[in-house]
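Numbering follows the numbering used here, with no gaps: position 108 of the sequence shown is 112. Where a beta carbon is used, it is the ideal one built from N, C-alpha and C, also for glycine. The block underneath contains the structure these notes are about, expressed in structure tokens.
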Amino acid sequence: MSPADPEQIDVDPEQVVDWRAENPDLQLIDVREPYERDAGHIEHTQHIQFAQLSAQVEAVQREHPVVFYCRVGSRSHVAAQAFRGAGFDAYSMRGGLRRWADEHRPLIPTDGTVADH
């Protein structure tokens with residue numbers, strides 16, 4: 005599964021859940037600060053701070069789609085645009101971790117929260 009419109013850059017959390025179930029190679033990358041990730045994050049995701057993305061580009065597999073997420077979707081949207089510009093199949097999770105949690109999806113640790121930015 006991928007978004008129906010290839011020009012679409014923002015994907016809903018529900019789409020991310022379905023996409024991960026269908027494609028185990030989907031990369032989901034948290035671009036928040038370490039304290040934000042420590043407060044709560046999505047299980048089985050990578051963490052590359054937004055400010056470190058350009059230096060850590062080799063940690064992202066070009067041959068697999070990537071969805072970035074942050075607190076509300078702003079940083080992840082910028083990341084997805086930049087990675088698309090570099091030839092990646094990149095997306096941003098609409099509404100970020102705030103929306104993920106508001107829709108009652110699980111966080112790690114179990115009592116995790118969405119940290120203020």
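Take residue 80, set aside five residues on each side of it, and the residues of its chain with a beta-carbon closer than 7 Å to its own are 35, 72, 73, 74, 96, 97 and 100, in chain order. Here the C-alpha atom of residue 26 lies approximately 24 Å from the C-alpha atom of residue 106. Bounds of the alpha helix (DSSP H) holding residue 87 are 78-89.
Residue 33 is positioned such that its CB atom lies no closer than 8 Å to that of residue 76. Of all C-beta pairs linking the segment 13-23 to the segment 54-61, fewer than three are shorter than 8 Å, placing the two stretches out of contact. For residue 63, the number of other beta carbons within 10 angstroms of its own is below 16, and it is reported as exposed.
One alpha carbon belongs to residue 87, the other to residue 61, and they sit about 9 Å apart. Apart from the 5 residues on each side of it in sequence, residue 31 sits with its Cβ closer than 8 Å to the Cβ of 50, 64, 65, 68, 69, 70 and 71 in its chain, given in chain order.
Contact between residue 46 and residue 111 holds: CB atoms are separated by about 7 Å, below the 8 Å threshold.
Residue state for residue 120 is assigned as coil, using DSSP reduced to three classes. If you look at residue 19, you'll find it isn't in any beta strand (DSSP E); it sits in the alpha helix (DSSP H) that goes 17-26.
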